[in-house]
Amino acid sequence: MNVTRGFTGRPRVHNPGLPPGQYDAGDDWPVLSAEVTPDLTPADWTFRIDGLVAEPRSWDWDEAHTLPASAYEGDIHCVTSWSKFGVRFAGVSLDAFLDVVRPDASATHAVAYSHSGYTTNLPLADLTDGRAWIAWEYDGKPLPAEHGGPARLLVPHLYFWKSAKWIAGLRLLDHDEPGFWEQNGYHARGNPWEEQRYSGD
Amino acid sequence: MPTAAATAAPGSASAGPASTPPTRFAVPGRIAVSNRAAALWQTATLTEIRRETPAVSTFRFAVPCWAGHLPGQHLMLRLTAGDGYTAQRHYSLASPPDDAGHIELTLDHVEGGEVSGWFHTEARPGDEVEVRGPLSGFFAWPGDRPALLVGAGSGVVPLMSMIRHRRAAGLDVPLRLLVSARGPEELIHAAEYGAETTAVFTRRAPEGVPVGRLSAAHVAPLLAERPAGGWEAYVCGSNAFAEHASRLLVEAGQPVDRIRIERFG
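Chain order of the listed sequences is X and L. At position 125 of the first sequence the residue is numbered 124 (numbering that gives the first Met the number 0), and the sequence of numbers has no breaks. At position 12 of the second sequence the residue is numbered 11 (numbering that gives the first Met the number 0), and the sequence of numbers has no breaks.
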């Protein structure tokens with residue numbers, strides 16, 4: 000252990016919800032997108048799933064809202080080392096979308112892509128069984144544009160760069176295909192509890 | 000602004016395990032990142048502290064095995080308390096690549112900042128911290144394409160690395176900097192700016208210099224220069240500034256897919 004002379008850190012209580020190397024951001028919710036925030040209204044928004052599925056399809060805003068509502072209340076973790084506790088998102092479970100398109104048995108991974116052009120890759124197992132959402136509300140209000148509104152992917156058990164803002168679609172693949180940050184040196188999976196920050200971790 | 004993927008008729012783009020759909024932004028990274036360097040924590044020894052402004056200082060470190068970096072890249076820095084508690088933060092590199100086993104970080108004293116507070120009140124030459132990097136090829140500028148840099152406050156730090164690199168390497172590729180500060184006394188690296196820089200002061204300005212925020216009038220003449228191949232734009236600052244500046248650039252005609260943004264909260 001390389002103790003830093005004179006460093007004590009801020010007063011703290013042990014928080015079992017805080018993954019290694021993270022701090023509690025409190026009320027802050029930093030914005031960390033690398034691109035220009037797109038001008039995207041609910042009327043412009045569409046979400047598509049294709050690739051290795053039985054029935055590729057797209058949903059518009061109204062069609063997506065006919066699927067059963069589902070909420071997430073819990074924590075989120077950003078690779079830049081802040082975590083945010085007790086956030087509330089509402090939208091639709093990704094399972095509801097996947098039930099419609101019926102993934103092939105050969106599908107193992109997905110590339111999520113945004114209306115901005117951002118991409119990120121995920122194992123399909125991280126997107127199913129109630130672990131991922133398409134979210135359009137935050138704290139009871141429409142999701143702000145700078146946080147990915149009108150709708151974003153939400154995969155709260157992974158670092159938040161996996162929760163693609165302005166989600167436009169998923170393409171299901173039989174292999175892993177690095178996305179935007181993954182091509183820029185970040186970890187392929189990004190599990191905060193294993194501190195999978197950078198490629199090589 | 001729907002993408003090609005989004006406007007495809009349902010069911011038309013059928014699907015094999017092809018690559019990712021074409022997109023509008025999809026700005027590729029400028030360089031490949033060394034995974035080995037990014038994975039390794041190294042000891043950095045503080046050698047010098049220089050005051051830049053009342054709230055900002057530059058911290059110079061010796062990192063003998065530093066693999067080198069490109070201007071615009073950042074690192075992760077870790078401090079460890081006696082009880083094993085660690086705090087880590089991302090910081091942009093301020094120094095140019097060719098600095099022989101040394102790197103420099105220019106840090107704001109953030110109100111209540113756990114790590115910046117240690118640097119500004121406790122750190123002294125000889126202290127050791129840990130760093131890993133350089134990280135991310137996205138905001139890097141290798142010095143190959145004309146670069147239009149727009150920064151505010153300590154957002155100018157990675158951009159300064161680009162200016163220093165261009166000078167040190169004697170590059171003649173066009174480069175311009177628009178830098179916003181509240182007043183002249185808060186302008187970081189003020190003594191190093193040359194003809195490439197336009198400073199914008201939002202609260203207090205020297206005699207004869209207008210006060211006001213970054214506007215279309217600052218951006219238009221730079222976009223009108225139209226260097227061969229066009230500008231690669233790099234925007235760095237608070238989220239509010241980044242939103243404002245990137246909108247000005249888009250409205251002035253800079254392509255969305257040639258704007259790179261680094262925001263801090």
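Beta carbons are placed, not taken as given, at the ideal position from N, Cα and C, and that holds for glycine. Bear in mind the structure is a predicted one, so any value in this text is a computation, not a measurement.
*asked:* Rounding to the nearest angstrom, what Cα-Cα distance links X:V12 and L:L147 in this structure?
replied: X:V12 and L:L147: Cα-Cα distance of roughly 45 angstroms.
*Any beta-carbon of chain X closer than 8 angstroms to the one on L:H89?*
With 8 angstroms as the cut-off, L:H89 counts as an interface residue toward chain X.
*Beta-carbon of X:L31 versus every beta-carbon of chain L: anything under 8 angstroms?*
X:L31 counts as touching chain L.
*Candidates X:V52, X:Y137, X:D74 and X:W81: which alpha carbon is nearest X:F202's?*
Shown here, chain X extends from 0 to 200; a query on residue 202 of chain X therefore has no answer.
*Rounded to a whole number of angstroms, what is the C-alpha to C-alpha distance between L:V210 and L:S91?*
Roughly 28 angstroms separates the two Cα atoms.
*The alpha helix (DSSP H) enclosing X:P122, as first and last residue numbers*: Not the alpha helix (DSSP H): X:P122 falls in the beta strand (DSSP E), residues T118 to P122.
*Report the rounded CA-to-CA distance for L:Y233 versus L:V218, giving the unit in angstroms.*
Within the model, the alpha-carbon separation for L:Y233 versus L:V218 is close to 13 angstroms.
*With a threshold of 7 angstroms, establish whether the CB of L:A204 neighbours any heavy atom of the ligand NAP.*
The ligand NAP is absent from the structure shown, which contains no ligand whatsoever.
*Quick one: any contact between the stretch 22-36 of chain X and the stretch 236-247 of chain L, if contact means 3 or more CB pairs under 8 angstroms?*
A contact exists between the stretch 22-36 of chain X and the stretch 236-247 of chain L.
*Local conformation of X:G16 per DSSP, three classes*: Taken through DSSP and simplified to helix, strand or coil, X:G16 comes out as coil.
*asked:* Is X:V12 close to chain L? Criterion is C-beta to C-beta, closer than 8 angstroms.
replied: Among the residues facing chain L, X:V12 is not included, as its CB has no counterpart in that chain under 8 angstroms away.
_Whole runs of the alpha helix (DSSP H) within the stretch 130-199 of chain X, excluding any shorter than 4 residues_ = Runs of the alpha helix (DSSP H) inside the stretch 130-199 of chain X: 179-182.
_Counting only beta-carbon separations shorter than 8 angstroms, does X:D26 have a partner in chain L?_
False, the Cβ-Cβ gap to chain L never drops below 8 angstroms.
_Which residues in chain L have a C-beta closer than 9 angstroms to the C-beta of X:Y158? List them in chain order._
Listed by position along chain L, the residues whose Cβ is nearer than 9 angstroms to that of X:Y158 form an empty set, because the closest Cβ is around 13 angstroms away.
*At a Cβ cut of 7 angstroms, what residues of the stretch 97-127 of chain L count as close to chain X, listed as they run along the chain?*
From the stretch 97-127 of chain L, only E113, W117, E121, D126 and E127 have a Cβ closer than 7 angstroms to chain X.
*Mind checking L:R202: buried by the 16 CB within 10 Å criterion, or exposed?*
Counting of Cβ neighbours within 10 angstroms places L:R202 among the exposed residues, the total staying below 16.
*Would you say L:R178 faces chain X, with C-beta separation under 8 angstroms as the test?*
It should be noted that the sequence gives Val, not Arg, for residue 178 of chain L. No, its Cβ sits nowhere closer than 8 angstroms to a Cβ of chain X.
*Should the stretch 64-77 of chain L be called in touch with the stretch 118-131 of chain L, which here means at least 3 C-beta pairs below 8 angstroms?*
The stretch 64-77 of chain L, when compared against the stretch 118-131 of chain L, does touch it at the 8 angstroms Cβ threshold.
*DSSP three-state call for L:V265: helix, strand or coil?*
Here chain L covers residues 0 to 264 and nothing more, so residue 265 of chain L does not appear.
*So, helix, strand or coil for L:M161, using DSSP?*
Three-state result, L:M161: helix.
*Applying the criterion that 16 or more other CB atoms from any shown protein chain within 10 Å of the CB defines a buried residue, is X:N120 buried or exposed?*
It is buried - the Cβ of X:N120 has at least 16 other Cβ atoms within 10 Å.
*asked:* List, in chain order, every chain X residue whose beta-carbon is nearer than 7 angstroms to that of L:G81.
replied: The contacting residues are V2.
*Determine the chain L residues that contact X:R9 at a beta-carbon separation under 7 angstroms, and present them in chain order.*
Simply E113.
*alpha helix (DSSP H) containing L:A241: first to last residue?*
For L:A241, the enclosing alpha helix (DSSP H) covers residues N238 to E250.
*What do you get for X:K216, buried or exposed, if any count of 16 or more other CB atoms within 10 angstroms of its CB means buried?*
With chain X running from 0 to 200 in the structure shown, residue 216 of chain X is simply not present.
*Sequence ranges, beta strand (DSSP E) only - wholly within the stretch 134-207 of chain L, length at least 3*: Fully enclosed beta strand (DSSP E) runs of 3 or longer: 146-151, 174-180 and 196-200.
*Keeping to the same chain, check which residues put their C-beta closer than 7 angstroms to that of L:L158; ignore five residues upstream and five downstream.*
Apart from sequence neighbours up to five positions away, the residues of its chain that approach L:L158 with a beta-carbon distance below 7 angstroms are L148, G150, L176, Y233 and C235, ordered along the chain.
*Closer than 8 angstroms by beta-carbon distance: list the chain X residues that pair up with L:T42, in chain order.*
Ordered by position in chain X, the residues that pass the 8 angstroms Cβ test against L:T42 are N1.
_Using C-beta distances below 6 angstroms, list every residue in its chain close to L:D126, excluding the 5 sequence neighbours before and after it, in chain order._
Counting only Cβ-Cβ distances below 6 angstroms, and skipping sequence neighbours, we find L45.
_If we define contact as Cβ-Cβ less than 8 angstroms, is X:T127 a contact residue for chain L?_
No, X:T127 does not count as interfacial toward chain L.
*Mapping DSSP to helix, strand and coil, what is X:W81?*
Strand at X:W81.
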